[in-house]
Structure formats: C-alpha cells, structure tokens
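J.: Per this note's numbering, the sequence shown starts with residue 219, numbered consecutively.
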Amino acid sequence: MAEKPRPPKVFLSYSYDSTDHKIWVSELAKKLRENGIDVIFDQWDLGYGDDIPKFMERSVVDADRVLMICTEQYVHKADEGVGGVGYEAMIVTGELVRDLGTAKFIPIVKQSPGGEPLLPRSVSTRKYVDLGNEANFEENFQALLAALHQVPLSPKPPLGSNPFAQRMSPSQTTSKDFSDLSTISPNFANVEELFKDALAIVRERDLVRWRKLVKDTREFTSRALLEWRVAQEATQSHFVGLNDDRFKQGLSLYGSIISLALAGLVSGHSKFSNQFALLEDILFPRSWDRAGFVALADFPCVGTFIYQALHGAVSVHTGHLHVVPQFIRMHVDTPFGASLGQVWRIHDIMGFLNSLGRNSKHSWDILLSLFEDWPWLHNIFSDKDEYLTALTAYYMTLNINEYCYLLKEGGESGLEDVSRQ
C-alpha cells in the first residue's frame, strides 16, 4: 500500500491589528485546514506559559511555507524590524527573511490602499497572493492552495518538434544541440524545475530521494560534459571567447548540479546544506581526460569557479556567513590523493582560468552574466543588484581572508611581498 504523502505544513505570521483581523486570520486558517494544509497557528498551538519568540522561531523553521498576512500595521513593523517582544514576535522581519532565504515566504495581501499592494520591503519583489478583495478571493485562494500543494494550475505543455527541421542542412541536424538539455536527459531539461524539485525534497526531509537525485544529477553532468567535449573535438576548431555559443553550451551543463547544491544550501537544514564535497565532483568529473587542448582539458575549472562563487554569494545572501570561511579553507585533493591546498589558494578555480587565457576580467564577466543566463537564480535573488551585492560581499570576504593570512604568516613583510608582485 502506497504511503500517504505528508500534507504541506504552513505557518501563519500576522499582526494583532484588531479583533476583526484576528477573526479573519482564524477563518483563513480553518479554510486552509479544510483543504489539506497542516496549519501552525498561534490561536491553536500556542499555550499559556509558552515562550512566544521561541514558538515563532520553531514554527518558521518547521514549516514548509510561511504566509505573511500583510496589513498596514504588519508591513510597518516588518520594515522597522519590530519583533521579539510579546505577540509582536509573530512578525517576520526583513532580517529573518534574509537569514532563511526568500523561497519559503509567501506574502498574502490583505490591504491595498490606492490599489497598490501593501508589502514589506524584504518581499516587495516577490509574487504575492491577493486575498483582500472579496470579488476574487476564492479564485486567488485556489491558486494559493495549488502552490502549497505544489500542483501547477496551468501545466507546462511538452516541447514540440522544430517545424522547419526538414529545411535544415545535414550538419545542422546531425550535431547535438547542447543548448537543449532535453536531447540528453528529459529529467534535467528544465534547471528551474529541478531547483524547485530539490527544494521540495528538502522540505520533506527525504534523504533517500535527495541522495538519488544528487547521484543522478552527477551522472548526468559528467555524461553531458563528455558528449559536449567530443562534439567540440570533432569540429577541429575551438571556442574563442565568452560569447562563443559552444562555450556557453558547455557552461550551461553545470546548471543542474550547481542548482541542486544551492537548493540544499538555502534550505539551512544541516543534513542538506553542507555541499562542500561537490566542489571536487565538479573539478574532477568521471572519465575526464586532462590531456589535449587546454581550453577543453581544463574546462572543469570553469564549472568549479562558478560553483565556488555562487556558493559564497548565496551563503552571504542567506546570512550563513559562518559557512564562507569553512568553505574557502577546505582542502582539495585530486582523485589520486595529491593535495591542491585550500580552495582560496587554488588560482585555477578562483578566477585565473586556463580555458579563458588566465584573464580574470573574463572570469568576472562570466559571473556578471549568470543572472541573465541562468534564470533559476531568480528564485534566490530578487534582482540583479541583490545578486551582485552578494557576489561582491563574498569576494570582499575572500580579500579579508587573504589579508588576515598574510598578517599571520608574514606580518608587514608578507604584505610588502604581495605589493611588489
């Protein structure tokens, strides 16, 4: 007999505006329960003598999603960082959103003065659900239910075939198009969906499914990269820079495994968030030949460079600052047991890429373009400015780390040696 799936667990965060508002939130909680949602609600689950801030903290962590009931009073307190005292601890502040990542929080608009939705700044760019208008309440409530149950209201149709395929030249039809990952494995065709699937598995705390997904994704990435390399070698010509389509095709193949790792990282759950070992998996793909044309042979360094940069940026963005020094000081070993040293000291994966002529500006240009090239990153960062801020903060941390190392090892003489280089 198939095991019944665990119902989604949702925490209601709201402000105590008035008795009428508390009744409205209570009715919403009942309606959610009636439709298969396991609601954590202070009016039901918080007893006399219980610690309110601890209840709030535990509820946010345990819940799959947090519904922020946005009224004028709630938004004001959230923006001002008011929380932690009495029932005002039930307010989700901007700091808490940053600490736990934004994918968990769903703004519920209760008031729209002047026709504009009232939202806290921390979630102002997020897709919200408007339940403040009685005329479309039921329609929007059904959309919310579908999102909580992870059932698409409008399923994405299957990808059709090219109607002009017969007009294409033989060379166009026989070579594999690596920009369409469905030609390799339909399960990994949509990286954004893979990222969301990974988040869902983490919410279920399903380690068995997680490990299988990681294993399958690793195998896919290794196989896809090998096939891509064979295709490049068969052309007897090599990509010439960042804008070369073949270079971008190779780069895109890392999206699946990196998105999976970042999904674990943003979750904050200890059993899923430690993705340190993945760096060596990316750097040393199975059956990869390190001989041959340097731009191809050293291409895994490009994927590793991107991974360490995004791992650092996401760690900073989600408030997991303690992870950064642990990650960059991790020792990296080759498959043969030789030590390459700590991550931050390995130039080949920190930006001086042989595949790009060891030009650090080209490496930085890759990172600048990722927010547009990899749309699934929009699930983590609300806009490009937020992405660049996190990325810059991570690299500032790298600079501080190196500065501290030089002070410790060589004092002023160590710094002078660097300044002369």
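The beta carbon of each residue, even a glycine, is placed where N, CA and C say it ideally should be.
Could you tell me the distance, in whole angstroms, from the CA atom of F382 to the CA atom of P376?
T.: For F382 and P376, the distance between alpha carbons rounds to 18 Å.
J.: Do you know whose CA, among R283, S379, I255, S330, lies nearest I291's CA?
T.: The amino acid at residue 291 is misidentified as Ile; the sequence shows Gln. Answer by Cα proximity: S330.
J.: Using 8 Å as the Cβ pair cut-off and three pairs as the minimum, do the segment 612-625 and the segment 497-513 touch?
T.: These segments do not touch.
J.: Assuming K322 contacts R276 under a Cβ cut-off of 8 Å, what Cβ separation, rounded to an integer in Å, is found between them?
T.: Incorrect: roughly 14 Å between the Cβ atoms, too far for contact.
J.: Quick check on I241: buried or exposed, where buried means 16 or more other Cβ atoms within 10 Å of its Cβ?
T.: With fewer than 16 Cβ atoms within 10 Å of its Cβ, I241 is classed as exposed.
J.: For the alpha helix (DSSP H) containing I640, list its first residue and its last residue.
T.: Because the chain here runs from 219 to 639, residue 640 falls outside it and cannot be looked at.
J.: Nearest by alpha-carbon distance to A418: which of E627, N358, G378, H487 is it?
T.: Nearest C-alpha to A418: H487.
J.: Residues in its own chain within less than 7 Å of I255 by CB, not counting five upstream and five downstream?
T.: The answer, listed in chain order, is P225, P226, V228, L366.
J.: What is the DSSP secondary structure of M286, counted as helix, strand or coil?
T.: M286: strand per DSSP, three-state reduction.
J.: Closer than 6 Å by C-beta to D317: which residues in its own chain qualify, once you throw out the five before and the five after it? Chain order, please.
T.: Residue placement at D317 is poorly supported in this model, since its pLDDT is 48, which falls under 50; the coordinates still yield a value, given next. The residues are G537.
J.: Can you tell which of S340, L480, L285, S491 has its C-alpha closest to the C-alpha of E298?
T.: Of the candidates S340, L480, L285, S491, the one whose C-alpha sits nearest the C-alpha of E298 is S340.
J.: Going by Cα to Cα distance, which pick from R576, L585, W592 is closest to T610?
T.: Here the closest residue by C-alpha is L585.
J.: What do you get for Y621, buried or exposed, if any count of 16 or more other CB atoms within 10 angstroms of its CB means buried?
T.: So Y621 counts as exposed.
J.: Do P335 and V327 count as a contact pair if the criterion is CB distance below 8 Å?
T.: Yes, Cβ-Cβ distance for V327 and P335 is below 8 Å.
J.: Does the Cβ of V561 have 16 or more other Cβ atoms within 10 Å, making it buried, or fewer, making it exposed?
T.: Label assigned to V561: buried.
J.: My guess is that L349 and N358 are in contact by the Cβ rule of under 8 Å, so how many angstroms apart are they, rounded?
T.: Indeed, because the Cβ distance is near 6 Å, the residues count as touching under 8 Å.
J.: Going by DSSP in three states, G530 sits in which element: helix, strand or coil?
T.: Three-state result, G530: helix.
J.: Whole angstroms is fine: what's the gap from F355's alpha carbon to L246's?
T.: Taking the straight line joining both Cα atoms gives about 11 Å.
J.: Under a three-way DSSP split, which group does S231 fall into?
T.: The answer is strand: DSSP assigns S231 an E or B state.
J.: Taking DSSP's pairing of strands, which residues face S557 in a bridge?
T.: DSSP output for S557 lists D551 as bridge partner(s).
J.: Have a look at S470, P325, N380 and flag the residue whose alpha-carbon is nearest the alpha-carbon of F589.
T.: Closest by alpha carbon: S470.
J.: State the Cα-Cα distance for the pair V278 and S244, rounded to the nearest angstrom.
T.: Taking the straight line from one Cα to the other gives about 18 Å.
J.: Taking the alpha-carbon positions, what's the G521 to S440 distance?
T.: Those two C-alpha atoms are separated by around 12 Å.
J.: Which residue wins for smallest C-alpha separation from M286, given the options V550, G267, F259, T435?
T.: Minimum Cα distance to M286 is reached at F259.
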